[in-house]
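Here's the structure, in structure tokens; my notes come after.
In this note's numbering, the protein residues as written are 26 to 330.
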């Protein structure tokens, strides 16, 4: 009897006493009956699942999931915006977590029709959005207390950022332009509503891409019109075009203050664009690169736990 009680207490401590209920990004109340086999369709979702202590329940991931390092050992089911139900169902999931804008939408209908529980995760590019994301995922896997601990850690990181901002001698607010790059043929300017721009604003950098929502095909006219003091890119994107010299060859870049000064900040994709538990630290890196460094600043790759 004592052994049974002990096992039950351990299960409760790990958040394994299902079912759980959660209100997802669509406003629907979802009942989660098993977290035995989880498939995560988003990099930050995967990061949060591991941070919540249920990484051992994750049996599959999308290709944007590469943090922490342990996630790279899991089979992939494609990219979160190019999904197919067959590959996901092959992993026999009991729970699938996907971003609210994951595509194509009919994949989730197919998963539900096959009896798989699906939770759509919110993805708002704000600090409150990061907290909502953590809390939604935590509720879905029965780890509410651990979720609140992650939120508190995020808030502590933000206090460090705010302290740094107060102590800094900033002569003017810099205008930043985020460019999404994957080689010279895949180039986008991102503006309001995109995660990297939300991160720039958190770091105290003004959005130079006025009038642009989400991400649009990059043109010389858009870059020149923005006149950024600073260009922000993902590290992999900068590498894909040949570094700073390759960036300067893109249309319009050398007709901006940022291009002429070579003032560029490059940060890991998931770290900068994720708005997850590490958002405060990523914003601090961005602030340092913008206001305390000159020229090209490549943020250190986050330590892999």
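Glycine included, each C-beta is placed from N, C-alpha and C at the ideal position.
Owing to the predicted nature of the structure, the values given are computational and were not obtained by experimental measurement.
Coarse secondary structure for residue i, derived from DSSP in three states
i           : result
residue 234 : coil
residue 75  : helix
residue 200 : strand
residue 160 : helix
residue 92  : coil
residue 86  : strand
residue 63  : strand
residue 274 : coil
residue 149 : coil
residue 48  : strand
residue 217 : strand
residue 266 : coil
residue 208 : coil
residue 12  : Because the chain spans 26 through 330 in this model, residue 12 falls outside it and cannot be assessed.
Proximity winner among the options, relative to residue i (alpha-carbon distances)
i           : options               : result
residue 61  : 211, 142, 282 and 102 : 142
residue 114 : 245, 275, 85 and 106  : 85
residue 308 : 276, 223, 144 and 93  : 223
residue 126 : 146, 57 and 256       : 146
residue 210 : 289, 102 and 242      : 242
residue 137 : 168, 303 and 56       : 56
residue 283 : 320, 267, 276 and 295 : 320
residue 63  : 252, 75 and 54        : 75
residue 248 : 179, 296, 205 and 78  : 205
residue 180 : 78, 288, 89 and 154   : 154
residue 268 : 280, 251 and 288      : 288
residue 236 : 244, 251, 225 and 245 : 251
residue 208 : 159, 186, 170 and 266 : 266
residue 65  : 78, 77, 87 and 79     : 87
Cβ shell of residue i (< 6 Å), same chain only, five flanking positions each side left out
i           : result
residue 298 : 220 and 221
residue 231 : 198 and 200
residue 182 : 305 and 306
residue 322 : 290 and 314
residue 72  : 92 and 301
residue 263 : 291
residue 164 : 47
Where residue i falls, given that 16 or more other Cβ within 10 Å makes a residue buried
i           : result
residue 261 : exposed
residue 36  : At residue 36 the pLDDT is 44, less than 50, meaning the model places this residue with poor confidence; the figure from the coordinates comes in the next sentence. Exposed, because fewer than 16 other Cβ atoms sit within 10 Å of the Cβ of residue 36.
residue 314 : buried
residue 216 : buried
residue 201 : buried
residue 106 : exposed
residue 188 : exposed
residue 331 : Because residue 331 is not part of the residues shown, which for the chain are 26 to 330, the question remains open.
residue 270 : exposed
residue 177 : exposed
residue 184 : exposed
residue 310 : buried
residue 46  : exposed
residue 212 : buried
Euclidean distance between Cα positions of residue i and residue j
i           : j           : result
residue 8   : residue 68  : Nothing about residue 8 can be read from this structure; the chain reaches only from 26 to 330.
residue 118 : residue 174 : 27 Å
residue 104 : residue 157 : 23 Å
residue 123 : residue 133 : 9 Å
residue 256 : residue 102 : 33 Å
residue 259 : residue 50  : 27 Å
residue 227 : residue 140 : 40 Å
residue 286 : residue 96  : 38 Å
residue 296 : residue 121 : 23 Å
residue 34  : residue 98  : Confidence in residue 34 is poor, its pLDDT being 41 and thus under 50, which makes the residue's placement unreliable; the coordinate value appears in the next sentence. Approximately 30 Å between the Cα atoms of the pair.
residue 240 : residue 233 : 13 Å
Cβ-heavy atom distance, residue i to the ligand MN, below 7 Å
i           : result
residue 218 : The model depicted lacks the ligand MN and carries no ligand whatsoever.
Cut-off 7 Å between Cβ atoms - residues of its own chain near residue i, not counting five sequence neighbours on either side
i           : result
residue 135 : 110
residue 195 : 316
residue 159 : 73, 172, 175, 176 and 302
Sequence-distant residues of its chain with Cβ nearer than 8 Å to residue i (five each side left out)
i          : result
residue 43 : 57, 58, 59, 60 and 167
residue 82 : 60, 61, 62, 63, 74 and 166
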